[in-house]
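Q: Going by UniProt numbering, the sequence shown opens with residue 1, and the numbers climb by one from there. We treat Cβ as the ideally placed atom computed from N, Cα and C, and that holds for glycine.
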Amino acid sequence: MRLVRIGAPLGAAALLVAVGLHGLGGSSAAPASMGTPSVVEKPRLVMVSGRDDHGMVAEEKVPLYDGPDAAHQVDAVYDGTLAEVLSIDGQMLQVRTVEGRPAIGWVDDFFLRGEVRLVGKAPSCASSIDGRSREGGTIVVVRQLRQGRVFVESVTPPVTSGWASRDDVQELPPQGPQCGDIPLDDKHAHHH
1 MRLVRIGAPL GAAALLVAVG LHGLGGSSAA PASMGTPSVV EKPRLVMVSG RDDHGMVAEE
61 KVPLYDGPDA AHQVDAVYDG TLAEVLSIDG QMLQVRTVEG RPAIGWVDDF FLRGEVRLVG
121 KAPSCASSID GRSREGGTIV VVRQLRQGRV FVESVTPPVT SGWASRDDVQ ELPPQGPQCG
181 DIPLDDKHAH HH
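#1: Whether or not the stretch 153-171 and the stretch 126-140 are in contact is what I'm after, with contact meaning three or more pairs of Cβ atoms, one per stretch, closer than 8 Å; do they touch?
#2: Look at the alpha carbon of Cys179 and the alpha carbon of Ser124, and state the distance between them as a whole number of angstroms.
#3: Quick one: is Phe110 buried, meaning 16 or more other Cβ sit within 10 Å of its Cβ, or exposed?
#4: Does DSSP classify residue 227 as helix, strand or coil?
#5: Relative to the C-alpha of Val119, which candidate in Pro173, Leu64 and Pro63 has its C-alpha closest?
#6: Whole angstroms is fine: what's the gap from Pro68's alpha carbon to Trp106's?
#7: Kindly indicate which three-state DSSP category Pro177 falls into: helix, strand or coil?
#8: On a CA-only basis, which of Arg149, Val169, His54 and Val77 is nearest Ala103? Give me that one, please.
#9: Hey, could you find the ends of the beta strand (DSSP E) Thr156 is sitting in?
#10: Alpha carbon to alpha carbon, how far is Ala58 from Met92? Give it in angstroms, no decimals.
#11: Please report the Cβ distance between Gly55 and Thr81, rounded to the nearest whole angstrom; I am assuming they are in contact, meaning their Cβ atoms lie under 8 Å.
#12: Would you kindly work out how many angstroms separate the C-alpha atoms of Leu64 and Gln147, rounded to a whole number?
#13: Looking at C-alpha atoms only, which residue of Asp168, Ser49, Glu153 and Arg143 is the closest neighbour of Asp108?
#14: Going by C-alpha distance, which of Pro177, Asp168, Leu112 and Arg51 is nearest Leu145?
#15: Name the two residues that bound the continuous beta strand (DSSP E) containing Met47.
And the structure:
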């Protein structure tokens, strides 16, 4: 499976391979257990991004359209919202939010991220996956969202999977003095 680097548009072809287009995850129902999901049953979720090339929020709400031709806007989704992919038509993807106000519509893959970062609270900005500490900025793929937690698979070695706090999921790596001045580097910078 091809994984897309954070900051890069998701790429419909890569997403098609990654999500499979059936059995998409993101149930809001209370889980019977927080066990390990099957990748086939619960493919990756995507993050809606309204950020520009510098990581600044350019669009607080990303527009959703009634079809892949983007003829009429039917809704808008806040930057940072997790969604599941329902359908793909070229570079347009039909998504359904899995958190916040329910919304369904078509969006250009430019506004979707298949990989995100785990960033905990300052000063270390470390997060954890199933209680195992991970460095702030660990790149992950989100598979499920349940009860304020996300099931993730790390892309950053050591590769692990498990449950993490939804509050720790964001698009950008930790930045600023509160997180040890970890700069955006060219390898992981947000580029469109």
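A: On the basis of the coordinates in this document:
#1: yes
#2: 6 Å
#3: Exposed.
#4: This structure gives no information on residue 227, because the portion of the chain shown stretches from 1 to 192.
#5: Pro173
#6: Whole-angstrom Cα-Cα distance: 6 Å.
#7: Per DSSP, reduced to three states, the secondary structure at Pro177 is helical.
#8: Val77
#9: That residue, Thr156, is in no beta strand (DSSP E); it is neither H nor E in DSSP.
#10: 20 Å
#11: Actually they are not in contact, since the Cβ atoms of Gly55 and Thr81 sit about 17 Å apart, beyond 8 Å.
#12: 26 Å
#13: Ser49
#14: Asp168
#15: Val46 to Val48
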